[in-house]
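Numbering (this note's numbering), first residue to last: 32 to 96.
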């Protein structure tokens with residue numbers, strides 16, 4: 032248990048002294064960038080899914096036709 036507590040203390044020390052944290056403005060702009068790309072990527076996946084579902088539906092209609 033002492034090893035775990037020491038690990039947590041050292042982790043916080045690393046975060047305080049060795050990590051370069053972004054400024055508030057950088058964090059906001061990067062958050063907006065991630066949100067925009069997430070929306071674009073989700074729309075692309077939705078589009079591909081819609082096309083594939085219509086192709087598969089058409090194929091099964093053609094087979095059972």
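Glycine included, C-beta positions come from ideal geometry on N, C-alpha and C.
This structure is a prediction, so every number in the text was calculated from the model and none was measured.
Leaving aside the five residues that flank residue 38 on each side, none in its chain has a CB nearer than 7 Å to its CB. Between the alpha carbons of residue 65 and residue 52 lies a distance of about 17 Å. Under the three-state reduction of DSSP output, residue 50 falls in the coil class, being neither helix nor strand. For residue 96, no alpha helix (DSSP H) encloses it, and the DSSP letter there is neither H nor E. Straight-line measurement puts the Cα of residue 59 at about 38 Å from the Cα of residue 33.
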